[in-house]
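Chemist:
Protein chains: 2
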Amino acid sequence: MGKLGLWQSIAEMLLDDIGQKKLKAGEKLPTELMLSKRFGVNRHTVRRALQHLAEKGIVWSKRGSGVYLKAPPTEYPIGTRVRFSQNLTLDGRLPTRKTLTLEIRAASVEERNALNVVDNGKVLAYSGISFADGQPIALFNSIFDPLRFGRLIERIKVNNSVTKSLNDCGITDYTRAWTKITAHLADPVKANHLQINDGQPLLCTTSLNIAPDGTPIEYGKTFFSAEHVVLSHSDDLSYS
Amino acid sequence: MGKLGLWQSIAEMLLDDIGQKKLKAGEKLPTELMLSKRFGVNRHTVRRALQHLAEKGIVWSKRGSGVYLKAPPTEYPIGTRVRFSQNLTLDGRLPTRKTLTLEIRAASVEERNALNVVDNGKVLAYSGISFADGQPIALFNSIFDPLRFGRLIERIKVNNSVTKSLNDCGITDYTRAWTKITAHLADPVKANHLQINDGQPLLCTTSLNIAPDGTPIEYGKTFFSAEHVVLSHSDDLSYS
DNA sequence: TAACCGTGGACAACTAGACAAATCTAATTT
DNA sequence: AAATTAGATTTGTCTAGTTGTCCACGGTTA
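From first to last, the protein sequence lines stand for chains X and V.
In short: position in the first sequence from 1, add 163, done, that's the numbering used here.
In short: position in the second sequence from 1, add 163, done, that's the numbering used here.
1) Does any residue of chain X have a CB that is nearer than 8 Å to the CB of V/Gln-298?
2) For X/Thr-264, go through chain V and note every residue whose CB falls closer than 7 Å to its CB, in chain order.
3) Measuring CB atoms only, is the segment 338-350 of chain X touching the segment 369-376 of chain X, in the sense that at least three cross pairs come out at less than 8 Å?
4) The beta strand (DSSP E) spanning X/Pro-193 covers which residue range?
5) Less than 8 Å separating the beta-carbons of X/Gly-291 and X/Thr-262?
6) For V/Phe-387, which beta-bridge partners are listed by DSSP?
7) Opposite V/Arg-339 in the DSSP bridges: which residues?
8) My assumption, with CB atoms under 8 Å, is that V/Ala-301 sits in contact with V/Ser-224. Please give the rounded CB distance.
9) Can you tell me the Cβ-Cβ gap for X/Ala-346 and X/Leu-366, rounded? I've got them flagged as a contact below 8 Å.
10) Going straight from the alpha carbon of V/Leu-169 to that of X/Asn-279, what length do you get?
11) Tell me which same chain residues have a C-beta within less than 7 Å of the C-beta of V/Asp-180, skipping the five on either side of it?
12) Who does X/His-356 pair with in a DSSP beta bridge?
13) From X/Gly-189 to V/Gln-183, what distance separates their C-alpha atoms?
14) Compute the Euclidean distance between the alpha carbons of V/Ser-401 and V/Thr-368, then round it to the nearest angstrom.
15) Give me the residue from V/Leu-394, V/Ala-270, V/Pro-258 with the minimum Cα distance to V/Tyr-382.
16) How long is the line joining the alpha carbons of V/Val-230 and V/Ile-221, rounded to whole angstroms?
17) Is the beta carbon of V/Glu-195 sitting closer than 8 Å to the one on V/Val-209?
18) Considering only the beta carbon of each residue, do V/Asp-361 and V/Pro-351 sit closer than 8 Å?
19) Using a Cβ cut-off of 8 Å (strictly closer), state whether V/Met-164 contacts chain X.
20) When the distance is taken between beta carbons, is X/Asn-304 closer than 8 Å to X/Lys-384?
21) Whose C-alpha, out of V/Asp-296, V/Asn-283, V/Val-393, V/Ile-380, is nearest the C-alpha of V/Ala-277?
22) Which class does V/Met-176 belong to by DSSP, given the choice of helix, strand or coil?
23) So, is X/Gly-313 buried or exposed, given that buried needs 16 or more other C-beta atoms within 10 angstroms?
24) DSSP three-state call for V/Gly-182: helix, strand or coil?
25) At a Cβ threshold of 8 Å, is X/Asn-406 touching chain V?
26) Can the beta-carbon of X/Ile-316 be found less than 8 Å from the beta-carbon of X/Leu-348?
27) At 8 Å on the CB atoms, spell out the chain X contacts of V/Val-204, in chain order.
28) Return the CA-CA distance between X/Phe-294 and X/Pro-236, expressed in angstroms with no decimal places.
29) The segment 285-315 of chain X: which residues have C-beta closer than 7 Å to a C-beta of chain V, in chain order?
30) So is V/Leu-216 in contact with chain X if we call contact Cβ pairs under 8 Å?
31) Assuming X/Leu-178 and X/Leu-232 form a contact by the criterion Cβ under 8 Å, report the distance between their Cβ atoms to the nearest whole angstrom.
32) Drop a sphere of 10 angstroms on the beta-carbon of V/Arg-226, count the other beta-carbons inside from all chains shown, and report buried for 16 or more, exposed for fewer.
33) Using only alpha-carbon positions, find the residue among X/Asn-283, X/His-356, X/Arg-211, X/Leu-265 that is nearest to V/Ser-199.
34) Apply the 10 Å Cβ neighbour rule to V/Gln-298 and answer buried if 16 or more other Cβ atoms are within range, or exposed otherwise.
35) Please report whether the beta-carbon of X/Arg-210 lies at a distance below 8 Å from any beta-carbon of chain V.
In structure tokens:
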């Protein structure tokens, strides 16, 4: 058993603090300068310890702001009936959403093909961040037909829920027609939103939700933080 | 293999939006505050990205108002027959004019020499802004002999066109005797009119239009925004 | 000697907040 | 109806604090 390096001892002390709940999930750690004074070492040594904790997925650092404690991973089921709130509630988490954009704008080629109902090239785009217990776990981007769901903008603002807002628009039920899953690397902006480091892997699901009569309702693309989410599909998963 | 800074990624995303026509020429971009929320960064970081786009001549910001998308450069031919509307129409642009001043006033020495017909030291001065697709591209200043073209004031007010108004005064044709081209820096007033930043370069053309009999008709000085205009001359350009 | 670890400092990049200046909007007054 | 006024909005500027990156230096260890 080799001697512990200086930075390793510091990392363990920080872990002790975390284990003893002196620090809660999402909270900001003392600054590197404060920690270096407290432990009587150089800032670089503290940074080495924090880097270790970051690699283990325990903390996350934001340049210019501070180092923050992360929450543990979430299991996210994918099946024929995908409902954000329901999924997380079942996992014992508190689901939250934060809207980034909610607007009618020009459609991209990809979006046009997916919803194939677009006439004048406009779509209703709803994007934002999904949280579980305050921890950002995904960036979502939903596309709707503005002619059919123009009222959706105001409804989403009120409900903050897609399922409920679609219900207000007469869609009492919808199912997942298909889901494609890919992996990407986080660009700086996505990393920032998801509170992970630039270059970390993302799980990307592209999917289409349809009404019982088969007409397309929602074309969605979601980027999950691979550190925080495990996608799972149950047996009744059916691609029709 | 450059590592992308945060503001660089944001600048690229904004460029994507512009390229995908989600933002149209002349339109106002979302406010810095909205963009900072959308990208999950500090306002200063957004400003850094916008500053980059401004330096590339893609956007233009107006304090207290917003940041606006600029139109791509316009090609403006210079030859023996220079007609504002015709030039821009040929380039596929929609030409517009806005009058700033239209009056009879004392002539400067320079104007007196150019039009050499002035007796009592008065000239008819017509100045304004030229637009292409709503984008201001030039400040023009035309000087006429008030004795010969006194009726021009009312005609221009009606026609909003120099060529047509001269026609109403009996000038069925005129040609460009000579053109001198220089470059200057925009003072704050010119910059404001042209919606560019103070200190940006201007192309300045000084020219004389003459009647077929050789008598001077119009002495003009025009300041083009160098960001928005490329002056071009075709082969038949003749300095007589 | 060579590799490694920690120290020390300088600078860049980003965050955070405050305030000023210009503009825009809407209500009020004339 | 037009002008004025007051408040809110938006960009410009400034100061300060925090993390990221780079270079150089000295001491310890293999």
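Virtual Cβ for every residue (Gly too), placed ideally from N, Cα, C.
Modeler: In this structure, then:
1) no
2) Arg-201
3) yes
4) Segment: none, X/Pro-193 is in no beta strand (DSSP E) and carries neither H nor E.
5) yes
6) V/Ala-301, V/Leu-366
7) V/Asn-372
8) Wrong, their Cβ atoms sit about 21 Å apart, outside the cutoff.
9) 6 Å
10) 35 Å
11) Leu-186
12) Partner(s): none; X/His-356 has no beta bridge.
13) 37 Å
14) Low confidence applies to V/Ser-401: its pLDDT is 40, below 50, so where it sits in the model is not reliable enough to give any reading.
15) V/Ala-270
16) 10 Å
17) yes
18) yes
19) With a pLDDT of 46 at V/Met-164, under the threshold of 50, the modelled position of this residue cannot be trusted, and the question is left open.
20) yes
21) V/Ile-380
22) helix
23) exposed
24) helix
25) The structure shown has nothing for residue 406 of chain X, since chain X only spans 164 to 403.
26) no
27) Val-352, Asn-355
28) 11 Å
29) none
30) no
31) Not a contact, Cβ separation roughly 11 Å.
32) exposed
33) X/His-356
34) buried
35) no
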